[in-house]
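Just below is one structure, and these are the notes that go with it.
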Amino acid sequence: MEELIGNSPEQPADLIKDSNQQDFAKDVMETSMNQPVLVDFWAPWCGPCKQMMPALESAVLAAKGAVKLVKVNIDENQMLASQLRVQSVPTVYAFFQGQPVDGFNGALPPSEIKKFIDTLVAKTGGAKKDPVADALEQAAAVRENQDFMTAMSIYSQILEHFPDNEPALIGMLECQLSSDMAEEAQALFDQLPEELKTKADFSAIIAKLELASQSLDNEEILELRRKIEQDQSDNQTRFDLALALQAEGNHEEAADHLLHIIKTDRSWNEDAARIQLLQFFEAWGMTDPMTVKARNRLSSLLFC
């Protein structure tokens, strides 16, 4: 896992560089052990070289790390050009795992350059994945299986290298809340920069943190249930029970109690039950099956 996220995605300065005979082994032979490297042999007096080079650089940048480009001036590296049997310029060789695997002579149009790179990438195993994106995919997959501890471990490693990565922060907070670690989630959220807290992506987290603070122990919940059995019209107790049930993950019964209040006394406490139910929806997610079910029931009560 450390290897996966230990380095950030390639920047343009890393993808394109000039080289010479002294550095060729490191820049091309060693680098090509992990990904394909294009070597552009050119000369300052070569018009076609100057015409093709911008298109070649653009195509390499567009490949987003799938290939690298090394440029070699043959006038300054005549022995290297001779060793590689470069007879004219521009000449482009593609190296992979220390060996030349393809190449072309003469200036190609941008469309042909792109086709050459696409073929090379496919031949050598495909584009290199963004390591952070790959780690986030892994975390999402284990979260789907309710393995929150493994997901938190992955998010923790991402955040160690990229502390402001928003998907990892949201994922970590979601996992903590799903694992009854509300205090830890609140502590992490409190440490976030204010500009992050106000982003729309964190609105559901804020709602969940607020609702998690309403949790009660089993005896307290039993007492609320007893009070409602004795007085079905006690909307405040029913409202408090809905909050406690939601905090412990009993979403359906929590929604049932708020919908009961809306049905029997819609304007109770300045529409508090409906407002609270909407906060539940935000915390659960608008596509959550319970949200969809409760929203349909709410619409039936309000508009029928």
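To get the numbering used here, take the position in the sequence shown, counting from 1, and add 48.
Here a beta-carbon is modelled for each residue, glycine too, at the ideal position from N, C-alpha and C.
Since the model is a prediction, treat every value here as computed from it, not as a measurement.
Which residues in the same chain have their Cβ closer than 8 Å to the Cβ of residue i, if we skip the five residues on either side of it in sequence?
i, result
"Val85", "Asp75, Val76, Thr79, Val115, Lys116, Leu117, Val118, Ala142, Phe143 and Phe144"
"Lys245", "Phe237 and Ile254"
"Ile161", "Met100, Ala103, Leu104 and Ala107"
"Thr167", "Asp150"
"Val120", "Asp66, Ser67, Asn68, Phe72, Val87, Asp88, Phe89, Trp90, Leu128 and Ala129"
"Pro96", "Val137, Pro138, Gly154 and Ala155"
"Gln324", "Phe287, Ala290, Leu291 and Leu306"
"Asp360", "What is shown of the chain runs 49 to 352, which leaves residue 360 out entirely."
"Asp62", "Lys116"
Taking only three categories from DSSP, how would you classify residue i?
i, result
"Ala111", "coil"
"Ile122", "coil"
"Trp316", "helix"
"Asp88", "strand"
"Leu117", "strand"
"Pro57", "Any reading at Pro57 must be qualified, since the residue scores a pLDDT of 42, below 50, and its modelled position is unreliable; the value itself is stated next. If DSSP states are grouped into helix, strand and coil, Pro57 belongs with coil."
"Asp62", "helix"
"Trp93", "coil"
"Asn68", "coil"
"Phe210", "coil"
"Met334", "coil"
"Gln83", "coil"
"Asp304", "helix"
"Leu52", "Because the pLDDT at Leu52 is just 46, under 50, the model does not fix this residue reliably, and the point stays unresolved."
"Gln205", "helix"
"Asn363", "There is no way to answer for residue 363, as the model of the chain reaches only from 49 to 352."
"Asp195", "coil"
"Gly219", "helix"
Pick out whichever of the options has its Cα sitting closest to the Cα of residue i.
i, options, result
"Leu257", "Lys275, Asn283, Gln294 and Glu277", "Gln294"
"Pro148", "Met81, Ser136 and Leu109", "Met81"
"Leu346", "Gln327, Lys311, Leu168 and Pro157", "Lys311"
"Gly154", "Met101, Gln278 and Asp288", "Met101"
"Asn266", "Ala111, Pro96 and Leu289", "Leu289"
"Asp228", "Leu264, Tyr203 and Glu208", "Leu264"
"Leu156", "Lys98, Pro241, Glu277 and Pro211", "Lys98"
"Gln135", "Asp88, Gly146, Gly113 and Ala181", "Asp88"
"Ala73", "Phe287, Ile202, Asp212 and Leu132", "Leu132"
"Ala110", "Leu128, Met127, Ser159 and Ala91", "Ser159"
"Gln224", "Phe328, Ala321 and Ser204", "Ser204"
"Glu124", "Pro96, Pro92 and Gly146", "Pro92"
"Ala233", "Asp182, Asp62 and Leu221", "Leu221"
"Asp304", "Asn344, Asp195 and Leu270", "Asn344"
Using a C-beta cutoff of 8 Å, does residue i count as contacting chain B?
i, result
"Pro84", "The structure shown contains no chain B; it is built from a single protein chain."
Assuming contact is defined by CB atoms lying nearer than 8 Å, are residue i and residue j in contact in what I supplied?
i, j, result
"Leu307", "Leu349", "yes"
"Glu105", "Ile165", "no"
"Ser251", "Glu330", "yes"
"Pro138", "Leu184", "no"
"Glu199", "Gly219", "The identity of residue 199 in the sequence shown is Ala, whereas the question assumes Glu. Result yes, Cβ atoms of Ala199 and Gly219 sit closer than 8 Å."
"Val169", "Asn213", "no"
"Met338", "His299", "yes"
"Leu272", "Ala302", "no"
"Arg286", "Ile309", "yes"
"Leu207", "Leu240", "no"
"Asn283", "Trp316", "yes"
"Ala235", "Ala260", "no"
Could you name the residues of the same chain whose beta carbon sits closer than 6 Å to that of residue i, not counting the 5 residues immediately before and after it, in chain order?
i, result
"Thr172", "Pro84 and Phe144"
"Cys94", "Val137"
"Arg191", "Ala199"
"Gln327", "Ala255"
Could you pull out every residue in the same chain whose Cβ sits closer than 7 Å to the Cβ of residue i, ignoring the five residues on either side in sequence?
i, result
"Phe152", "Val140 and Phe164"
"Glu58", "Low per-residue confidence applies at Glu58: pLDDT is 42, beneath 50, and the placement is therefore not dependable enough to give any value."
"Lys341", "none"
"Gln186", "Ile202"
"Asp313", "Asn283"
"Gly146", "Met77, Ser80 and Met81"
- Query: What are the complete alpha helix (DSSP H) segments, minimum 4 residues, inside the region 227-298?
  - Reply: 230-239, 242-245, 251-260, 266-278 and 283-295
What are the start and end residues of each continuous alpha helix (DSSP H) run of 4 or more residues lying completely inside the region 119-165, in chain order?
Assignment of alpha helix (DSSP H) within the region 119-165, counting only whole runs of 4 or more residues, yields 126-131 in chain order.
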